[in-house]
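Below: the structure, in structure tokens.
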Amino acid sequence: MEFDDVVVCRCEEVTMKEILSWVDRGYRNLDELKRVLRVGMGQCQGRGCRDIIMRELARATGEPMDKINPGTIRPPVKPVKLGLCAWGREDASG
Amino acid sequence: MSAVNERKTADAIIVGGGVHGASAAYCLAKSGVDVVLFEREYLSSGGSGRSAAGLRQHFGTEVNCRLAKYNLECFPTLEDELGGEHKLEFTQWGYLWIAYTDESKAQLEKNVALQQGLDIPSENLTPQEIKRRWPYIDVNRMIGGAFCARDGHINPHALTMAYGRAAQKLGARVRTYAPVERLLASGDRIKGVVAAGEEWSAPRVLLTAGPWSTPLAATVGVDLPVTPERHNLLVTEPIEPFECPMTLCLDDGAYFKQVPNGSFFFGRDDQDEPKVFESGNSAKFLEGVTKSVLQRIPSLKGVRVVHQWSGPYDVTPDHQAIIDWAPVEGLWINCGWSGHGLQFGPSGGRLAKEMFFGERTFADIRNFRLSRFAEGDLVIEPAFI
Chain A
548 MEFDDVVVCR CEEVTMKEIL SWVDRGYRNL DELKRVLRVG MGQCQGRGCR
598 DIIMRELARA TGEPMDKINP GTIRPPVKPV KLGLCAWGRE DASG
Chain B
10 MSAVNERKTA DAIIVGGGVH GASAAYCLAK SGVDVVLFER EYLSSGGSGR
60 SAAGLRQHFG TEVNCRLAKY NLECFPTLED ELGGEHKLEF TQWGYLWIAY
110 TDESKAQLEK NVALQQGLDI PSENLTPQEI KRRWPYIDVN RMIGGAFCAR
160 DGHINPHALT MAYGRAAQKL GARVRTYAPV ERLLASGDRI KGVVAAGEEW
210 SAPRVLLTAG PWSTPLAATV GVDLPVTPER HNLLVTEPIE PFECPMTLCL
260 DDGAYFKQVP NGSFFFGRDD QDEPKVFESG NSAKFLEGVT KSVLQRIPSL
310 KGVRVVHQWS GPYDVTPDHQ AIIDWAPVEG LWINCGWSGH GLQFGPSGGR
360 LAKEMFFGER TFADIRNFRL SRFAEGDLVI EPAFI
């Protein structure tokens with residue numbers, strides 16, 4: 548498989564090629580890429596792709612990894628069923 | 010960072026890269042105006058990108074209905090018009106307002122009568138009819154509703170960025186990560202701004218900075234009654250799209266809708282939320298909003314929320330925008346949309362251009378004038394969520 552074809556964000560099915568094309572257009576941090584590609588917005592909330600994208604941003608900008616903004620990490624961090632949020636259990640009547 | 014020899018002048022400076030600033034940059038650049046836009050972070054990073062991105066014509070004041078109608082005329086062809094680089098994800102799955110009290114039912118009926126008089130295809134619905142059209146909605150205790158099938162959704166980031174990109178292609182300079190620190194006036198005339206530590210001059214400055222407009226206007230002595238108010242949203246994992254319309258309730262301020270990728274958005278008014286610019290998170294939001302919404306669409310109980318976020322409304326006392334020339338000559342303002350501003354991007358840009366050229370505006374925006382607060386002549390927008 549070519550490097551470009553690697554699916555970096557598996558939740559939203561975004562390839563390396565798509566990510567690099569937006570980095571080339573001047574998108575320089577994870578929050579900006581999220582807003583155009585939805586990377587890191589799926590069920591895993593970036594656990595699978597965040598480090599890989601940050602590495603590519605570090606490479607593109609020449610900055611060390613620890614200077615790359617990792618984007619906002621939002622609660623509830625792990626996916627939670629709506630019913631559990633509402634009632635503390637799976638069913639209103641349960 | 011700008012180049013050393015860069016010309017730091019323009020015909021017009023726009024302060025704020027939300028949808029109204031970006032749309033104004035596009036409309037002005039299209040008319041040949043030399044414009045520069047300054048944004049503190051990236052385009053759509055403030056209230057625009059944090060909105061629920063609903064597009065509706067259901068308002069309770071004529072000015073908003075007329076402008077909303079124009080917005081909905083623009084959206085179907087806007088992606089192509091702006092170059093097609095950003096996919097706008099425009100859908101028309103409708104807006105359904107539901108009522109549990111006589112008071113809110115009467116308000117919806119009043120709004121629908123106004124809309125129908127302006128040729129907006131809204132209709133009143135009984136709970137039975139709601140049940141028939143959307144069998145997954147629980148109509149228990151519901152006493153009525155209103156629906157407009159032409160209303161819908163758009164991707165708010167893509168919309169804002171598409172306007173910005175189209176403006177750039179027409180020659181506008183769009184400066185991101187360039188916060189405007191203050192406006193500059195000489196006597197009672199605007200003369201420019203200080204952005205990212207540098208002075209820029211222009212005979213006209215447009216302030217489209219949402220709730221941040223208030224502290225910026227104050228730097229030239231203009232008082233705006235616009236305050237920030239934090240509102241929360243949640244988004245679920247995507248499920249098979251079934252075109253669930255935006256469903257809102259004036260009684261408790263809760264709403265939900267499906268978006269084109271299949272995810273659901275839930276939101277809810279909460280008067281206890283802090284009145285701040287910062288987009289923090291409230292843990293109690295999740296419980297309150299899911300309790301409200303799952304009563305109306307219980308089949309979603311097993312769907313997972315993947316994250317919540319928040320953003321600031323820019324609220325005025327009458328929940329109406331301020332679009333007007335300020336007492337400082339050359340300074341004009343478009344802010345204070347009180348939570349329904351994203352969808353008015355097309356109107357905002359057009360009005361900015363008309364005002365710049367001194368043309369008659371395409372709709373009567375008298376209700377949006379700044380002096381109304383001092384005059385005590387407020388016309389409150391009742392369809393406010």
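Heads up: the sequence lines are chains A and B, in that order.
Just add 547 to wherever you are in the first sequence, counting from 1, and you've got my numbering.
Just add 9 to wherever you are in the second sequence, counting from 1, and you've got my numbering.
By construction, the Cβ of each residue, glycine as well, lies at the ideal position given by its N, Cα and C atoms.
What you are looking at is a predicted structure, and each value in this text was computed from that prediction instead of being measured.
Coarse secondary structure for residue i, derived from DSSP in three states
i: residue 23(B); result: strand
i: residue 71(B); result: helix
i: residue 157(B); result: strand
i: residue 36(B); result: helix
i: residue 209(B); result: strand
i: residue 10(B); result: A caution first: residue 10(B) carries a pLDDT of 48, below 50, which makes its placement in the model too unreliable to give a value.
i: residue 322(B); result: strand
i: residue 174(B); result: helix
i: residue 615(A); result: coil
i: residue 196(B); result: coil
i: residue 382(B); result: helix
i: residue 86(B); result: helix
i: residue 56(B); result: helix
Cβ-based burial, residue i [other Cβ within 10 Å; buried from 16]
i: residue 280(B); result: exposed
i: residue 149(B); result: exposed
i: residue 275(B); result: buried
i: residue 359(B); result: buried
i: residue 272(B); result: buried
i: residue 10(B); result: With a pLDDT of 48 at residue 10(B), under the threshold of 50, the modelled position of that residue is not reliable, and the figure given next carries that caveat. Per the 10 Å Cβ criterion, exposed.
i: residue 172(B); result: buried
i: residue 619(A); result: exposed
i: residue 579(A); result: buried
i: residue 86(B); result: exposed
i: residue 612(A); result: exposed
i: residue 44(B); result: buried
CB contact below 8 Å: residue i versus chain B
i: residue 548(A); result: no
i: residue 565(A); result: no
i: residue 626(A); result: yes
i: residue 629(A); result: yes
i: residue 611(A); result: no
i: residue 617(A); result: no
i: residue 596(A); result: no
Identity of the residues DSSP links to residue i by a beta bridge
i: residue 255(B); result: 104(B)
i: residue 263(B); result: 277(B)
i: residue 628(A); result: 313(B)
i: residue 334(B); result: 341(B)
i: residue 215(B); result: 23(B) and 341(B)
i: residue 562(A); result: 554(A)
i: residue 182(B); result: 45(B)
i: residue 191(B); result: 203(B)
i: residue 237(B); result: 323(B)
Proximity test, Cβ basis, 8 Å: residue i and chain A
i: residue 241(B); result: no
i: residue 32(B); result: no
i: residue 341(B); result: no
i: residue 51(B); result: yes
i: residue 162(B); result: no
i: residue 91(B); result: no
i: residue 318(B); result: yes
Supposed contact pair residue j and residue i - C-beta distance, whole angstroms, cut 8 Å
i: residue 197(B); j: residue 337(B); result: 6 Å
i: residue 295(B); j: residue 267(B); result: Between residue 267(B) and residue 295(B) the Cβ distance is about 19 Å, and since that is not below 8 Å, they are no contact.
i: residue 292(B); j: residue 277(B); result: So it is not a contact: roughly 14 Å between Cβ atoms.
i: residue 403(B); j: residue 52(B); result: Residue 403(B) lies beyond the residue range present for chain B, which begins at 10 and ends at 394; the question has no answer from this structure.
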